[in-house]
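Visitor: Residues are numbered in this note's numbering as their position in the sequence shown, beginning at 1, plus a constant of 9.
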Amino acid sequence: MSSTQRDFTQGPIAKGMIAFSMPFLLSNILQALYGAVDMLVVGNYSSPDPAVSAQILSGVNIGSQITNLVAMMVSGLTVSGTVMVGQYVGARKQKDASETVGTMFSLMALVGVVLMAMMMLFSNAILHLLETPPEAFEHAKTYLMICLSGTLFIFGYNAISSIQRGLGDSIRPLIFVGIACLVNVVLDLWLVKGLGMGAAGAAWATVIAQAVSLILAALYLSRSRFIFDFKLRSFRIHTEKMKLMVGLGIPSSVQSIIVNISFLVMTALVNSIGGATASAAVGVVGKFNSFAILPAVAMSSSVSAFAAQNIGAGMYDRAKKSLGVGIGIAMAISAAVFAAVQLFPAPIIGIFSPNEEVIRSGVEYMRTFSFDYLLVPIQFCFNGLIMGAGHTRFTLLSASLSSLLLRIPVAVLFGSVLGWGLMGIGLAGPAATVAGILLTGWFVFSGRWKRDQTGIHREENA
10 MSSTQRDFTQ GPIAKGMIAF SMPFLLSNIL QALYGAVDML VVGNYSSPDP AVSAQILSGV
70 NIGSQITNLV AMMVSGLTVS GTVMVGQYVG ARKQKDASET VGTMFSLMAL VGVVLMAMMM
130 LFSNAILHLL ETPPEAFEHA KTYLMICLSG TLFIFGYNAI SSIQRGLGDS IRPLIFVGIA
190 CLVNVVLDLW LVKGLGMGAA GAAWATVIAQ AVSLILAALY LSRSRFIFDF KLRSFRIHTE
250 KMKLMVGLGI PSSVQSIIVN ISFLVMTALV NSIGGATASA AVGVVGKFNS FAILPAVAMS
310 SSVSAFAAQN IGAGMYDRAK KSLGVGIGIA MAISAAVFAA VQLFPAPIIG IFSPNEEVIR
370 SGVEYMRTFS FDYLLVPIQF CFNGLIMGAG HTRFTLLSAS LSSLLLRIPV AVLFGSVLGW
430 GLMGIGLAGP AATVAGILLT GWFVFSGRWK RDQTGIHREE NA
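1) Answer yes or no: do Ser288 and Ile71 have a C-beta to C-beta separation smaller than 8 Å?
2) Looking at the unbroken alpha helix (DSSP H) that takes in Ala348, where does it start and where does it end?
3) How about Gly371 and Ala290: are their beta carbons less than 8 Å apart?
4) Whether or not the region 222 to 239 and the region 90 to 107 are in contact is what I'm after, with contact meaning three or more pairs of Cβ atoms, one per stretch, closer than 8 Å; do they touch?
5) Using a Cβ distance threshold of 8 Å, determine whether the region 258 to 272 contacts the region 323 to 330, with at least three qualifying pairs required.
6) Determine the closest residue to Gly111 out of Met127, Leu161 and Val94, with distance taken between C-alpha atoms.
7) Taking C-alpha atoms, which residue in Gly397, Leu241, Lys150 and Asn133 lies nearest to Ile320?
8) Whole angstroms are fine: how far does the CA of Thr18 sit from the CA of Ala100?
9) Thinking just about the alpha-carbon of each residue, which of Arg402, Leu405 and Ala348 is nearest to the one in Ser379?
10) Here's the rule: buried if 16 or more other CB atoms are within 10 angstroms of the residue's CB, otherwise exposed. What is Val426?
11) Given that a residue counts as buried once 16 or more other Cβ atoms are within 10 Å of its Cβ, and exposed if not, what is Ala60?
12) Alpha carbon to alpha carbon, how far is Gly393 from Ala28? Give it in angstroms, no decimals.
13) Tell me whether the beta-carbon of Ala277 lies closer than 8 Å to the beta-carbon of Glu373.
14) Within its chain, find whatever has a CB closer than 6 Å to the CB of Ile22; leave out the 5 residues flanking it on each side and keep chain order.
15) Rounding to the nearest angstrom, what Cα-Cα distance links Thr286 and Met432 in this structure?
16) Taking one C-beta from the region 360 to 367 and one from the region 411 to 425 each time, how about it: are there three or more such pairs within less than 8 Å?
17) If we count the other Cβ atoms within 10 Å of its Cβ and call it buried at 16 or more, is Asn37 buried or exposed?
18) Would you mind working out which of Ala145, Val98, Leu86 and Gly450 sits nearest Gly121, comparing C-alpha positions?
19) Is the beta carbon of Leu119 less than 8 Å from the beta carbon of Val79?
20) Three or more beta-carbon pairs under 8 Å between the region 135 to 154 and the region 189 to 197, yes or no?
21) Do Phe244 and Phe114 have their beta-carbon atoms positioned less than 8 Å apart in this structure?
22) Cutting at 6 Å between CB atoms, please list the residues of its own chain near Ile169, excluding the five before and the five after it.
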């Protein structure tokens, strides 16, 4: 087995999951630092005028949410890539795994160019649709256009990371993202604080850091015993692999888009209620939230990687055991994060912005939204098992129902209709997660996740 692979079909489950998830967790923490550092540096150093600083902070928040939506549009390809590579590795089908990688890279490059062009063309309309505060509009557009120019770098890095997860490797992505994060921090301080470039400086720092990460990862893996050789002739679309990848990936992409659109609707609601200050406050909480849910994200990916390889090997009981281990580990960490948030919300928000109005609004929102930290470990790990088995259509159904029937209506009802403001909007997150837990829990405990969705399995003579 290659040094870039790990066999999850053997050995103690808890030990293997911790060994995989801890580097992945650290990698995601560093990944989250991209956006957080942008917000932190912009919030503290973009302007000596607190009002102008809040406007730039609002623009970066709105622009980053749209770029996240672009990434989510192809997230299904990365999910299906993880599932397919993991199941092929578990089934001992290395050639199929390599063809899957070539197909994934080629598809993501093609889709990336199209999405970049379309989003640039309609950027003004999207920003107006989100009711971007007039004083933050140009900052949001500047940040958005620059980040969109680096779409292929973002897609390429995410593709490599998803493939390595399927192979059971979480160490190398940590190294690559660590280097990129360092580059991002240095450039943020230089471009925003040193040169006074505001939102543009934060955006260029992010794009350049992603490019460095992708190039270093590709150079290293092309010189190691990776399952893909990165030669030009290997970048091709294999029709059979593409059909399976798209079939598994489209539901996952649509799921991510729906979830992100529901949060964009909440952003528009916040903008209409409180303007740039409220938008900046919710943006700050959102960046902290990207850290707070990482234990659940790491264990979900760990469960998914374990499940994919073990299902490919026909070991369903071992796949299910990884679920309980994942929930237990994630819950222990998330409960501690929840306690810290409830005890010290103002100091946490104050790290990102010294503006007293931003802190006050952020505390109001964070008090209720943070209850989600106690719930996401359960839902995310349920989703990890279901996606590892290839049932991306069900996770789409679950996310759609919880986002459209609960997250948005709850935000509108409590935030606007009943006049609870940011505290009411914060309730929408936990409400949607409860619905997701009920749906995914039923699917898991009914045993429906065991139904074959990929046709990938270990042959008797393998």
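Just so it is clear, CB atoms sit at the ideal spot from N, CA and C, and this is done for glycine as well.
Guide: Working from what's here:
1) Contact: yes.
2) Where Ala348 is concerned, the enclosing alpha helix (DSSP H) starts and stops at Tyr325 to Leu352.
3) Remark: C-beta atoms of Gly371 and Ala290 approach each other more closely than 8 Å.
4) Three or more beta-carbon pairs separated by less than 8 Å link the region 90 to 107 to the region 222 to 239, which places the two stretches in contact.
5) They do not touch, by the three-pair rule.
6) Out of Met127, Leu161 and Val94, Val94 has the C-alpha closest to the C-alpha of Gly111.
7) Here the closest residue by C-alpha is Gly397.
8) When only Cα atoms are considered, Ala100 and Thr18 end up about 10 Å apart.
9) Nearest of Arg402, Leu405 and Ala348 to Ser379, Cα basis: Ala348.
10) With a threshold of 16 other beta carbon atoms within 10 Å, Val426 falls short and is exposed.
11) When all chains shown are included, Ala60 counts as exposed.
12) A straight-line Cα-Cα distance of about 17 Å links Ala28 and Gly393.
13) No, they are not a contact pair.
14) Answer for Ile22: Lys330, Ser331 and Val334, listed in chain order.
15) Those two C-alpha atoms are separated by around 15 Å.
16) Too few Cβ pairs lie closer than 8 Å, so no.
17) By the 16-neighbour rule on beta-carbons within 10 angstroms, Asn37 is buried.
18) Considering only alpha carbons, the answer is Leu86.
19) Going by C-beta atoms, Leu119 is not nearer than 8 Å to Val79.
20) Verdict: no, contact absent.
21) It is a contact, given that the beta carbons lie within the stated cut-off.
22) Beyond the five residues adjoining it in sequence on each side, Ile169 comes within less than 6 Å, by CB distance, of Ala226 in the same chain, given in chain order.
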